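Residue numbers (the numbering used here): 223 to 579.
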Amino acid sequence: MMAFSLDTLVRENIRTMEKYASARDEFSGTAAIFLDANENSAGSATRKKMNRYPDPLQQRLRKKIAVNKAVDPVDKVFLGNGSDEAIDLLVRAFCEPGRDSLMIMPPTYGMYRVCAAVNDVNVLQVPLRDDFSLDTEKIISQASKHRPKLIFICSPNNPSGNLFDTKDIEKILSGTESLVLVDEAYIDFSDAVSWNQRIDAFPNLVVIQTFSKAWGMAGLRLGMAFAAPGIIEIMNKIKYPYNVSDLTAEAALKALKDGSRKQRIVRKVKKERAWLTERLRELPAVEKVFPTDANFFLLRVNNAKAVYRYLRSEGIVVRDRSGQMHCGNCLRITVGTRRENRILLKKLNAYSGERNP
Ligand SMILES: Cc1ncc(COP(=O)(O)O)c(C=O)c1O
Numbered sequence: 223m224m225a226f227s228l229d230t231l232v233r234e235n236i237r238t239m240e241k242y243a244s245a246r247d248e249f250s251g252t253a254a255i256f257l258d259a260n261e262n263s264a265g266s267a268t269r270k271k272m273n274r275y276p277d278p279l280q281q282r283l284r285k286k287i288a289v290n291k292a293v294d295p296v297d298k299v300f301l302g303n304g305s306d307e308a309i310d311l312l313v314r315a316f317c318e319p320g321r322d323s324l325m326i327m328p329p330t331y332g333m334y335r336v337c338a339a340v341n342d343v344n345v346l347q348v349p350l351r352d353d354f355s356l357d358t359e360k361i362i363s364q365a366s367k368h369r370p371k372l373i374f375i376c377s378p379n380n381p382s383g384n385l386f387d388t389k390d391i392e393k394i395l396s397g398t399e400s401l402v403l404v405d406e407a408y409i410d411f412s413d414a415v416s417w418n419q420r421i422d423a424f425p426n427l428v429v430i431q432t433f434s435k436a437w438g439m440a441g442l443r444l445g446m447a448f449a450a451p452g453i454i455e456i457m458n459k460i461k462y463p464y465n466v467s468d469l470t471a472e473a474a475l476k477a478l479k480d481g482s483r484k485q486r487i488v489r490k491v492k493k494e495r496a497w498l499t500e501r502l503r504e505l506p507a508v509e510k511v512f513p514t515d516a517n518f519f520l521l522r523v524n525n526a527k528a529v530y531r532y533l534r535s536e537g538i539v540v541r542d543r544s545g546q547m548h549c550g551n552c553l554r555i556t557v558g559t560r561r562e563n564r565i566l567l568k569k570l571n572a573y574s575g576e577r578n579p
């Protein structure tokens with residue numbers, strides 16, 4: 223294991239700054255009358271009462287999530303407005319604009335690069351091998367040469383759909399001094415154990431998850447990060463004070479209470495994925511269906527742009543990924559409902575080349 227020092231990794235101004243102390247941070251007991259936060263004491267303009275600010279540290283929800291995810295105690299859990307907030311906060315906390323860099327392994331999720339660009343952070347790229355596996359030795363040697371503050375590993379990877387090898391991720395975690403972010407947005411569609419069970423073993427590990435995919439709550443905007451308390455403290459220090467609304471917390475608490483519902487919808491998606499895989503493989507227009515651990519497929523067709531346009535004209539929107547590394551002529555298609563999938567298959571089956579080139 224390489225030496226890892228959070229204090230030298232975090233930006234100096236972030237390390238030394240005072241956090242904004244909201245009214246609710248400063249007083250945490252019970253009282254009869256709250257006149258400290260300039261809320262509207264007359265009520266709300268909605269039927270549902272929401273005139274009070276939410277708990278800035280989301281103690282109740284974080285506790286439930288810590289239990290649900292078997293990550294205890296609560297100070298190893300961060301909650302944000304989607305996992306995109308966690309990604310952005312980590313870039314802002316650790317990467318000095320105009321000076322530092324972060325590392326990505328293309329093809330991968332586009333927001334890492336966008337957050338880097340917004341924050342004027344240099345992007346080091348170590349492409350996946352053409353079988354979409356991690357080029358571990360190169361990642362470690364490039365990291366030791368260029369010292370990126372953050373290394374993003376998306377597993378299962380978007381858009382290729384595959385989980386990365388455990389040994390490869392272990393080697394990267396112990397072979398670098400960077401913070402390693404394992405983005406597990408799609409983990410619950412795979413059979414893998416989350417890396418959040420290893421945060422005590424790896425002080426440089428941050429695991430990111432979301433309510434947007436397996437929980438089926440993308441409209442809610444709730445993301446999670448799991449890491450050592452020192453890292454979570456930094457994230458909480460620089461987030462907007464009230465980044466998770468009461469409505470969000472309430473809906474998430476409800477979903478957590480009845481976990482069987484989530485299990486049911488995940489099972490349904492996995493079953494549909496298996497059904498769809500078989501049928502996609504039989505289609506003449508499809509050259510390859512890449513194996514997936516997520517709720518989408520990467521497909522190789524003979525002309526991705528033409529098939530994309532054709533499906534679009536038939537009212538079906540998929541994602542053209544043909545411009546991405548190793549994704550020549552590839553489309554990314556989300557697993558739909560049985561009805562949607564039947565229509566997709568029917569349309570793809572009827573496809574016989576571009577009609578109006
Ligand atoms: C790999 C990956 N990470 C994170 C996200 C963002 O998720 P959220 O809705 O939690 O912001 C996505 C969304 O598509 C994703 O594919």
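C-beta atoms are modelled at their ideal positions from N, C-alpha and C, and glycine is treated no differently.
Predicted model, so just to flag it, every value in this text is computed and none were measured.
How would you call residue i, buried or exposed, if buried means at least 16 neighbouring beta carbons within 10 angstroms?
i           : result
residue 411 : buried
residue 289 : exposed
residue 498 : buried
residue 367 : exposed
residue 347 : exposed
residue 305 : buried
residue 485 : exposed
residue 559 : exposed
residue 294 : exposed
residue 286 : buried
residue 381 : buried
residue 413 : exposed
residue 255 : exposed
residue 231 : buried
residue 400 : buried
residue 542 : buried
Leaving out five residues before and five after residue i in sequence, what residues of the same chain have Cβ atoms less than 8 Å from its Cβ?
i           : result
residue 317 : 233, 323, 324, 338, 341, 343, 371, 372
residue 242 : 463
residue 351 : 357
According to DSSP, simplified to helix, strand and coil, what is residue i?
i           : result
residue 509 : strand
residue 301 : strand
residue 445 : strand
residue 457 : helix
residue 411 : helix
residue 541 : strand
residue 564 : helix
residue 316 : helix
residue 177 : Outside the shown range of the chain, which is 223 to 579, sits residue 177, and nothing can be said about it.
residue 235 : helix
residue 224 : coil
residue 340 : helix
residue 323 : strand
residue 555 : strand
residue 335 : helix
residue 373 : strand
residue 257 : coil
residue 489 : helix
residue 502 : helix
residue 421 : coil
Using alpha carbons as the reference points, say which of the options lies closest to residue i.
i           : options            : result
residue 226 : 471, 448, 423, 564 : 423
residue 405 : 399, 434, 398, 519 : 434
residue 460 : 266, 308, 223      : 308
residue 567 : 494, 543, 547      : 494
residue 297 : 450, 413, 272, 240 : 450
residue 244 : 570, 501, 465      : 465
residue 428 : 376, 473, 389      : 376
residue 224 : 536, 456, 395      : 395
residue 419 : 448, 403, 473, 559 : 448
residue 278 : 361, 416, 471, 239 : 471
residue 302 : 444, 397, 237      : 444
residue 409 : 271, 238, 283, 492 : 492
residue 436 : 564, 249, 557      : 557
residue 520 : 536, 535, 502, 237 : 502
residue 229 : 455, 269, 345, 248 : 455
residue 537 : 565, 511, 522      : 565
residue 535 : 563, 504, 547, 573 : 573
So, for residue i: in the same chain, excluding its five sequence neighbours on each side, which residues have a beta-carbon less than 7 Å away from its beta-carbon?
i           : result
residue 581 : With the chain covering only 223 through 579, there is no way to say anything about residue 581.
residue 487 : 438
residue 214 : Not covered by the structure: residue 214. The range shown for the chain is 223 to 579.
residue 467 : 276
residue 358 : 390, 393, 394
residue 246 : 259, 275, 277, 278
Which residues in the same chain as residue i place their Cβ atom closer than 6 Å to its Cβ, once the five residues preceding and following it in sequence are excluded?
i           : result
residue 457 : 300, 311
residue 431 : 406, 446
residue 334 : 326, 374
residue 417 : 404, 429
residue 361 : 348, 394
Would you call the stretch 500-519 and the stretch 375-387 touching, i.e. three or more CB-CB distances under 8 Å? Result yes; three or more Cβ-Cβ pairs closer than 8 Å.
Would you check if there are 3 or more beta carbon pairs closer than 8 Å linking the stretch 545-556 to the stretch 525-534? As far as the Cβ criterion goes, the stretch 545-556 touches the stretch 525-534, which means the pair count is three or higher.
With three or more C-beta pairs closer than 8 Å as the rule, is the stretch 469-480 touching the stretch 305-313? Counting Cβ pairs under 8 Å, fewer than three are found: no touch.
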